[in-house]
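Numbering (this note's numbering), first residue to last: 1 to 334. C-beta atoms are modelled at their ideal positions from N, C-alpha and C, and glycine is treated no differently. Take a look at the structure set out below.
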């Protein structure tokens, strides 16, 4: 069976012939373990792939997001990176004072996709294609105001906050629609909502402000026949029911910190678990048997005639042999 169909059957809980897979290989791994990365891609090729983010005019970014130094993204947010191979953080807000909001403009040029090139990519692969961009209203607020100030803003709830969120959301609605009009298979969302113990904001605040945004994105995707994939780090179990309700099909999250058994009891058969394997402890420190045990635990608790995508991140600290063992173990299940 072709990879695209295997992923679709997984998302529909329709007894796929095996577990589809996707390795998230960061530039750090390509730099430090190029031979192992090559082996990984040769022995366990991805069933899911990101479409290229191609625009009719180059986006006005500066620097390299994965290089040490400064990177300026298409919104004008400035990231400071102290290490090659990973993404930096925002230290200086784009909007430091609310009076600066009058000068703020959303980057509408991200809507000017080269759809012919993107569609050509989709037609020439048999893999399941994810949109080449991530829609992230909460993180974008944090990039514009800094995360610390954004959390304060959400508590104070001044009118300027909702003005800014409205502008962010309106652009993302248009961006989701632009990608949904292409031949990609899924739209991608990404907001890190949790610490390792709980949500960064109260659940009712998430429900009232951000859940409706995700619903809007999912409804647009559904109108065009697209699936919706989402990534969110941390302990986010309190918002997973809401994500399922609005139409998220697949979720990449830190399942280990939430408890695999608990996730299985509550959400098995309702959501596809897009990975992962514990990248904070197991991938850097675990034995090969620990890795095999973790994979078996995911299969036992989360698989329901589908509903699981084999995924892990090959990033800083991960032992290359452990990453390879993840996919070797998943590959046993046909």
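| query | result |
| --- | --- |
| Considering only DSSP beta bridges, list what residue 22 is partnered with. | 311 |
| Hey, out of 44, 91 and 107, whose CA is closest to residue 60's CA? | 107 |
| Looking only at its chain, what residues have a beta carbon closer than 7 Å to the beta carbon of residue 270, apart from the 5 residues adjacent to it on each side? | 244 |
| Give me the Cα-Cα distance between residue 18 and residue 222, rounded to the nearest whole angstrom. | 26 Å |
| What is the DSSP secondary structure of residue 115, counted as helix, strand or coil? | helix |
| Quick check on the DSSP output: the alpha helix (DSSP H) that includes residue 169 runs from which residue to which? | 159-180 |
| For the beta strand (DSSP E) that residue 381 lies in, which residues bound it at each end? | In the structure as shown, the chain starts at 1 and stops at 334, and residue 381 therefore has no counterpart that could be examined. |
| Identify which residue in 272, 291 and 273 has its Cα closest to the Cα of residue 280. | 291 |
| Using the rule of at least 16 other Cβ atoms within 10 Å of the residue's Cβ for burial, across every protein chain shown, is residue 70 buried or exposed? | exposed |
| Spatial neighbours of residue 262 within its chain, please: C-beta separation below 8 Å, excluding the five flanking residues on both sides. | 237 |
| Counting pairs of Cβ atoms below 8 Å between the segment 88-99 and the segment 3-22, do you hit three or more? | no |
| Hey, residue 190 and residue 156 are a contact pair by Cβ (cut 8 Å); roughly how many whole angstroms apart? | No, residue 190 and residue 156 are not in contact; Cβ-Cβ is about 25 Å, not under 8 Å. |
| Which stretch, first to last residue, makes up the alpha helix (DSSP H) that contains residue 29? | 27-32 |
| Look up residue 223 in the DSSP assignment and give the residues it is bridged to. | DSSP output for residue 223 lists no bridge partner at all. |
| Have a look at 324, 264, 132 and 98 and flag the residue whose alpha-carbon is nearest the alpha-carbon of residue 286. | 324 |
| By DSSP, does residue 281 sit in helix, in strand, or in coil? | coil |
| Could you tell me which residues DSSP pairs with residue 187 in its beta bridges? | 228 |
| Tell me, please, which residues DSSP counts as bridged to residue 144. | BP columns for residue 144 are empty, so no partner. |
| On the DSSP bridge list, what partners appear for residue 90? | 79 |
| Apply the 10 Å Cβ neighbour rule to residue 109 and answer buried if 16 or more other Cβ atoms are within range, or exposed otherwise. | exposed |
| So is residue 6 buried or exposed if we call it buried at 16+ other beta carbons inside 10 Å? | buried |
| Taking the alpha helix (DSSP H) that residue 288 falls in, what are its first and last residues? | 288-302 |
| For residue 264, is the classification buried or exposed, using 16 other Cβ atoms within 10 angstroms of its Cβ as the cut-off for buried? | buried |
| For the segment 114-133 and the segment 41-55, state whether three or more C-beta atom pairs, one from each stretch, are separated by less than 8 Å. | yes |
| Measuring only the C-alpha atoms, how far is residue 143 from residue 334? | 42 Å |
| Measuring straight from C-alpha to C-alpha, what distance separates residue 328 and residue 22? | 12 Å |
| From residue 343 to residue 44, what does the alpha carbon distance come to, in whole angstroms? | With the chain covering 1 to 334 only, the question about residue 343 has no answer from this structure. |
| What distance in whole Å lies between the Cβ atoms of residue 89 and residue 66, which are believed to be in contact at a cut-off of 8 Å? | Not confirmed; about 13 Å, so no contact. |
| Quick one: what's residue 252 bridged to in DSSP? | 231 |
| Is the Cβ of residue 310 closer than 8 Å to any Cβ of chain C? | Annotation note: the requested chain C is absent from the structure, which comprises a single protein chain. |
| Suppose you measure from the CA of residue 248 to the CA of residue 137; what does that come to, to the nearest Å? | 16 Å |
| What's the gap between the Cα of residue 79 and the Cα of residue 315? | 19 Å |
| Within the continuous beta strand (DSSP E) that includes residue 273, where are the two ends? | 272-274 |
| Where does residue 130 fall in DSSP's three states? | strand |
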